[in-house]
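Take 220 as the starting number for the sequence shown in the working numbering and just add one per residue. Worksheet: the structure to be examined is printed underneath.
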Amino acid sequence: MTTRFERQRQVRRWHRRIALLCAAQLLAWTLSGVFFAFVDIEGVRGSDHRRAPQTGPLPEITFPAVSDPASSLKVLWRLPGEAIVSAETEKGSQWYGTDGKALAPLSAAEALTVGAIGTDLSPNMAEWVDTAEAGAEYRGAPLPLWRVYHSDDPSTVAYLHATSGQVLAIRNTSWRWWDFLWSLHIMDYDTRDEIGTWLLKLFSLLAVATAIAGLGLYFLSAQRALKRDGGKP
């Protein structure tokens with residue numbers, strides 16, 4: 220028959236093994252949680268680099284002949300003094316000029332101009348992005364798009380919609396740290412978007428098992444101490 224002392228040794232042995240297995244991930248959860256708690260999320264998003272959208276009197280518009288049924292039309296400003304029309308359809312946004320003609324994507328020079336209007340980055344470099352990459356900084360944004368930045372500070376970049384010039388995202392060093400720690404937190408090291416990976420579920424269960432084993436050790440040790448002391452608290 221297994222004695223209480225032997226049971227305690229077994230629980231202690233399993234607790235040590237599980238805790239060792241979970242230690243690195245528990246540390247990653249703790250460090251990432253501390254970072255998320257103290258960092259300014261608006262700074263991570265680059266909100267301080269965004270400028271207020273252009274405004275101006277509503278121009279005369281020839282409403283476009285939209286190829287797909289549209290739920291709404293929205294007037295925006297792109298280049299200085301240039302209004303454009305967005306038609307929201309089931310297939311996404313379709314972009315037109317005020318003359319009703321479909322818009323062509325921005326050129327590199329136009330992307331730099333729009334980037335200077337929408338952000339304070341004063342960009343002088345523009346890169347065309349048309350390839351989807353797992354875990355990329357621009358993931359979730361419609362492709363193609365423009366990446367613009369200043370050559371003196373390539374770590375802070377803005378991603379612009381290829382046609383409308385809308386600032387879709389601003390990425391900086393703080394965001395990259397957040398993204399890296401988030402991947403450790405949710406244990407999705409590729410896309411960094413999937414919450415509920417099998418690794419996360421496994422280590423969550425192991426962490427619970429570690430806590431239960433620790434509590435078991437505590438009560439077994441307490442019972443042993445009481446027995447040794449003759450039942451005195």
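Positions of the beta carbon are idealized from the N, C-alpha and C atoms, including for glycine. It should be emphasised that the depicted structure is a prediction, and the values quoted were computed from it without experimental measurement.
Report the three-state DSSP secondary structure of residue i (helix, strand or coil).
{"i": "glutamate 307", "result": "strand"}
{"i": "threonine 416", "result": "coil"}
{"i": "proline 295", "result": "One point to set straight first is that residue 295 is leucine, not proline, in the sequence displayed. Strand at leucine 295."}
{"i": "alanine 166", "result": "Nothing can be reported for residue 166: it is not among the residues displayed for the chain, which extend from 220 to 452."}
{"i": "arginine 358", "result": "coil"}
{"i": "leucine 387", "result": "strand"}
{"i": "leucine 340", "result": "coil"}
{"i": "glycine 316", "result": "strand"}
{"i": "valine 263", "result": "helix"}
{"i": "arginine 366", "result": "strand"}
{"i": "leucine 348", "result": "Checking the sequence, you will find valine at residue 348 rather than leucine. It is a strand residue."}
{"i": "arginine 411", "result": "coil"}
{"i": "alanine 430", "result": "helix"}
{"i": "leucine 277", "result": "coil"}
{"i": "serine 402", "result": "helix"}
{"i": "threonine 249", "result": "helix"}
Cα separation between residue i and residue j?
{"i": "arginine 358", "j": "cysteine 241", "result": "30 Å"}
{"i": "leucine 364", "j": "glutamate 261", "result": "23 Å"}
{"i": "methionine 220", "j": "tyrosine 408", "result": "Residue placement at methionine 220 is flagged as unreliable, the pLDDT there being 48, under the threshold of 50; a coordinate-derived value is accordingly withheld."}
{"i": "tryptophan 397", "j": "threonine 281", "result": "45 Å"}
{"i": "phenylalanine 399", "j": "alanine 321", "result": "39 Å"}
{"i": "leucine 424", "j": "leucine 250", "result": "20 Å"}
{"i": "alanine 360", "j": "alanine 238", "result": "40 Å"}
{"i": "tryptophan 394", "j": "glycine 337", "result": "19 Å"}
{"i": "leucine 379", "j": "glycine 334", "result": "7 Å"}
{"i": "phenylalanine 422", "j": "glycine 354", "result": "22 Å"}
{"i": "phenylalanine 254", "j": "tryptophan 248", "result": "10 Å"}
{"i": "glutamine 244", "j": "arginine 270", "result": "39 Å"}
{"i": "arginine 264", "j": "arginine 232", "result": "45 Å"}
{"i": "threonine 416", "j": "serine 266", "result": "30 Å"}
{"i": "glycine 433", "j": "lysine 420", "result": "20 Å"}
{"i": "tryptophan 401", "j": "leucine 246", "result": "13 Å"}
{"i": "alanine 426", "j": "aspartate 412", "result": "22 Å"}
Under 8 Å, do residue i and residue j count as touching if we go by C-beta distance?
{"i": "aspartate 456", "j": "histidine 404", "result": "Residue 456 falls outside the range modelled here, since the chain spans only 220 to 452, and no answer is possible."}
{"i": "leucine 298", "j": "glutamate 279", "result": "no"}
{"i": "glutamine 273", "j": "tryptophan 296", "result": "yes"}
{"i": "aspartate 372", "j": "leucine 362", "result": "no"}
{"i": "glutamate 356", "j": "arginine 390", "result": "yes"}
{"i": "leucine 277", "j": "valine 294", "result": "yes"}
{"i": "alanine 327", "j": "threonine 317", "result": "no"}
Return the Cβ separation of residue i and residue j in integer angstroms, given the expectation that the two are a contact with Cβ distance under 8 Å.
{"i": "glycine 384", "j": "leucine 325", "result": "6 Å"}
{"i": "valine 367", "j": "alanine 381", "result": "Wrong, their Cβ atoms sit about 12 Å apart, outside the cutoff."}
{"i": "serine 370", "j": "threonine 392", "result": "Actually they do not touch by this definition, with Cβ atoms about 17 Å apart."}
{"i": "leucine 387", "j": "methionine 406", "result": "So it is not a contact: roughly 27 Å between Cβ atoms."}
Would you call the stretch 340 to 350 and the stretch 295 to 315 in contact, with 3 or more CB pairs under 8 Å?
The stretch 340 to 350 is not in contact with the stretch 295 to 315.
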